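Residue numbers (this note's numbering), protein chains in the order written: chain A, 45 to 370; chain B, 45 to 370.
For every residue, glycine included, the Cβ atom is placed at its ideal position computed from N, Cα and C.
All values derive from a computational prediction rather than experimental measurement.
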DNA sequence: AACGTTGACGTCAACGTTGACGTAACGCTC
DNA sequence: GAGCGTTACGTCAACGTTGACGTCAACGTT
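Given below as structure tokens:
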């Protein structure tokens with residue numbers, strides 16, 4: 045209640061013990077009588093004492109804080125991942141600091157340095173540009189770090205990777221099982237696109253590959269989908285880089301008078317919250333961002349608690365969610 | 045590059061000066077020769093020295109960090125606000141810490157205490173339950189705090205409030221100007237709903253009020269929209285609590301064979317990124333979250349830099365964005 | 001030549017906390 | 001009743017940094 049600045053000294057003075065004893069009570073270390081404990085706790089309440097985590101971390105070298113670094117908060121992929129991380133971290137007593145890189149490697153370097161200055165115990169990182177190398181350097185420098193879905197892996201860096209190629213393969217197999225043979229890939233220029241394209245090419249091996257690229261946004265999707273319709277008018281399915289682009293494809297197809305899924309089937313990627321509520325609800329590949337985040341925290345927490353450097357590469361399944369658009 | 049832990053002492057030892065001099069160089073305080081400055085900077089680079097912000101904050105009482113507390117990251121309102129805050133904070137050298145309350149007052153108390161333990165310089169807060177009182181207590185306790193869109197304001201608390209009632213009024217006026225007279229309000233049980241409802245009732249005064257309530261989610265929207273259709277089959281417009289519910293209404297209307305906007309117009313609230321890309325692009329009320337965040341940072345930064353306690357109540361306009369759904 | 005001023009450092013303590021270690025009092029054992 | 005272990009404390013230094021202040025040499029002024 046009272047003016048917010050009180051310290052161990054204030055509590056100690058009020059009770060008439062040493063600060064060390066108050067510290068013991070605060071941390072439940074034991075080594076104090078129940079009577080003393082009660083008096084100290086009472087004083088803590090009266091003074092509204094709150095431990096200064098900066099001072100504590102300065103000496104313990106543990107801040108009980110981790111960093112989560114991603115491209116952008118408005119990237120639909122990120123918030124769910126962030127919630128998964130945040131939730132898992134909370135349950136093991138870790139606080140999460142978020143930072144955004146705008147997918148720039150330079151900016152990533154800056155925010156990581158800033159987090160290290162704040163003495164975070166470790167960092168979960170969605171690599172800018174998908175690049176593993178800048179992260180390997182961090183790991184070599186002794187930072188506990190876990191990469192989520194890097195474009196390539198490194199034995200020196202803990203990572204957790206969604207089976208993106210597998211997910212794409214499953215999506216294409218699904219479309220083919222429904223008789224689609226002229227399947228287009230509405231890709232993007234992002235490094236994450238190549239894995240989807242790989243799955244697409246593997247699973248659609250016999251068919252002619254129809255590939256267009258655009259920005260991984262709704263606007264980009266409209267341009268790309270239009271390009272597909274123009275170049276391959278007889279297309280009977282579109283597999284999009286993400287749900288945003290798939291959503292745009294839905295609109296373009298409607299405007300072109302093609303019915304979904306009768307004329308053209310559409311499959312997205314990411315299973316963002318809205319995809320279930322689109323015009324025809326969208327078939328999509330679910331990466332389960334929340335669980336991805338949870339796993340990343342587990343990996344990181346293990347690394348933090350282990351004195352030696354450890355690194356593990358984990359893969360995480362991608363699951364096809366079939367809805368009315370295919 | 046080298047093993048990450050080097051301190052002022054290490055740099056000082058290497059150059060052969062005192063830590064105080066290195067500190068002066070690091071902070072650009074002046075009081076050192078250009079030659080010494082160059083040698084210190086070289087040593088800093090060689091050793092990969094990074095100042096320990098915890099130690100610095102411990103003594104300066106400034107952490108250059110602010111907290112941003114909101115309901116949930118996946119709440120579509122939050123990420124854009126967060127980006128606005130983050131961006132504005134960065135440009136004035138402030139780092140942002142995010143925390144989520146799940147709209148629970150207890151949880152809000154916890155996360156705020158946790159942020160204070162980390163010695164944040166101030167907190168921007170989206171009040172759980174819209175309640176101003178718990179925040180007034182914090183302000184009285186000497187915490188720099190800015191509330192965003194509290195359900196009510198207090199002269200003791202800096203706040204920035206969107207003109208939600210005005211936005212709702214404008215939306216309804218727009219619908220009436222298009223000849224709609226049986227306008228339903230698809231509200232929610234959240235405290236923020238009452239302001240929208242107030243605007244709705246004011247602007248639609250002559251008409252019979254048609255109000256349904258449901259959870260402020262896409263699923264809730266489907267239930268609420270269905271209820272509206274069942275109870276008032278001749279409804280000619282739906283004004284929804286948020287874009288998620290409006291999106292759901294769009295689907296329910298389509299399923300019921302009502303065309304939008306010919307049979308029923310739909311207006312949402314929030315202007316989330318996707319609303320421009322819905323089946324008929326959605327008319328909605330834009331709160332400009334990004335700017336809201338920016339303003340909040342300005343207010344907070346001013347409070348931080350002012351020794352005396354100041355509090356200001358600012359209102360922020362809501363703007364109707366007219367698209368094809370109305 | 002004496003004096004004040006300025007620049008370029010250095011010294012010391014403090015921020016709030018915890019690790020390492022010390023110690024006095026008490027109870028128990030044989 | 002001497003010896004020993006345990007309990008419940010206290011003391012001191014350290015974490016990495018900066019604020020306050022001191023020192024010393026060089027310089028300009030009169």
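Under 9 Å from the C-beta of residue i: neighbouring residues of chain B
i, result
"residue 157 of chain A", "94"
Secondary structure of residue i, DSSP reduced to three states
i, result
"residue 290 of chain A", "helix"
"residue 261 of chain B", "coil"
"residue 56 of chain A", "helix"
"residue 83 of chain B", "helix"
"residue 168 of chain A", "strand"
"residue 211 of chain B", "helix"
"residue 223 of chain B", "coil"
"residue 365 of chain B", "strand"
"residue 122 of chain A", "helix"
"residue 348 of chain A", "helix"
"residue 75 of chain A", "coil"
"residue 339 of chain B", "helix"
"residue 199 of chain A", "coil"
"residue 299 of chain A", "helix"
"residue 47 of chain A", "Any reading at residue 47 of chain A must be qualified, since the residue scores a pLDDT of 49, below 50, and its modelled position is unreliable; no value is offered."
"residue 93 of chain A", "coil"
"residue 61 of chain A", "coil"
"residue 304 of chain A", "coil"
"residue 322 of chain B", "coil"
"residue 416 of chain A", "Absent from the model: residue 416 of chain A. The displayed extent of chain A is 45 to 370, so no value can be given."
"residue 278 of chain A", "coil"
"residue 353 of chain A", "coil"
"residue 101 of chain B", "helix"
"residue 134 of chain A", "helix"
"residue 234 of chain A", "coil"
Identified DSSP bridge partners for residue i
i, result
"residue 254 of chain A", "A:228"
"residue 154 of chain B", "None, per the DSSP bridge assignment."
"residue 205 of chain B", "B:359"
"residue 139 of chain A", "A:109"
"residue 144 of chain B", "B:114"
"residue 329 of chain B", "B:313, B:364"
Integer Cβ distance of residue i from residue j, believed to fall under 8 Å
i, j, result
"residue 336 of chain A", "residue 110 of chain A", "Not confirmed; about 15 Å, so no contact."
"residue 281 of chain A", "residue 224 of chain A", "4 Å"
"residue 309 of chain A", "residue 220 of chain A", "Rounded, the Cβ-Cβ distance is 11 Å, inconsistent with contact."
"residue 369 of chain A", "residue 327 of chain A", "5 Å"
"residue 197 of chain A", "residue 203 of chain A", "5 Å"
"residue 141 of chain A", "residue 141 of chain B", "6 Å"
"residue 212 of chain B", "residue 244 of chain B", "5 Å"
Neighbour list for residue i in chain B, Cβ cutoff strictly below 7 Å
i, result
"residue 142 of chain A", "142"
"residue 102 of chain A", "98, 99, 102"
"residue 133 of chain A", "Simply none; closest approach about 11 Å."
7 Å Cβ cut-off: residues of chain A touching residue i
i, result
"residue 153 of chain B", "Per Cβ cutoff of 7 Å: no residues; residue 153 of chain B is ~12 Å from chain A at best."
"residue 139 of chain B", "158"
"residue 295 of chain B", "321"
"residue 130 of chain B", "144"
"residue 183 of chain B", "None at all; the shortest Cβ gap to chain A is about 11 Å."
Chain-ordered chain A contacts of residue i [CB-CB under 8 Å]
i, result
"residue 118 of chain B", "123, 124, 127, 317"
"residue 389 of chain B", "The requested residue 389 of chain B is not part of the displayed model; chain B covers only 45 to 370."
"residue 345 of chain B", "Those do not exist, as residue 345 of chain B stays about 18 Å from chain A at its closest Cβ, beyond 8 Å."
Endpoints, alpha helix (DSSP H) assigned at residue i
i, result
"residue 179 of chain B", "177-184"
"residue 312 of chain B", "Here residue 312 of chain B belongs to no alpha helix (DSSP H); instead the beta strand (DSSP E) covers 309-314."
"residue 191 of chain B", "Careful: residue 191 of chain B lies outside any alpha helix (DSSP H), inside the beta strand (DSSP E) at 189-192."
"residue 237 of chain A", "237-247"
Unbroken beta strand (DSSP E) run spanning residue i, endpoints
i, result
"residue 284 of chain A", "281-284"
Under 9 Å by beta carbon: chain A residues contacting residue i
i, result
"residue 290 of chain B", "Under the 9 Å cutoff, chain A gives no residues; its nearest Cβ is about 11 Å from residue 290 of chain B."
Closer than 7 Å: residue i CB and nearest the ligand FAD heavy atom
i, result
"residue 181 of chain B", "The ligand FAD is absent from the structure shown, which contains no ligand whatsoever."
Partner residues on chain B for residue i, Cβ-Cβ distance less than 8 Å
i, result
"residue 262 of chain A", "317, 318, 320, 321"
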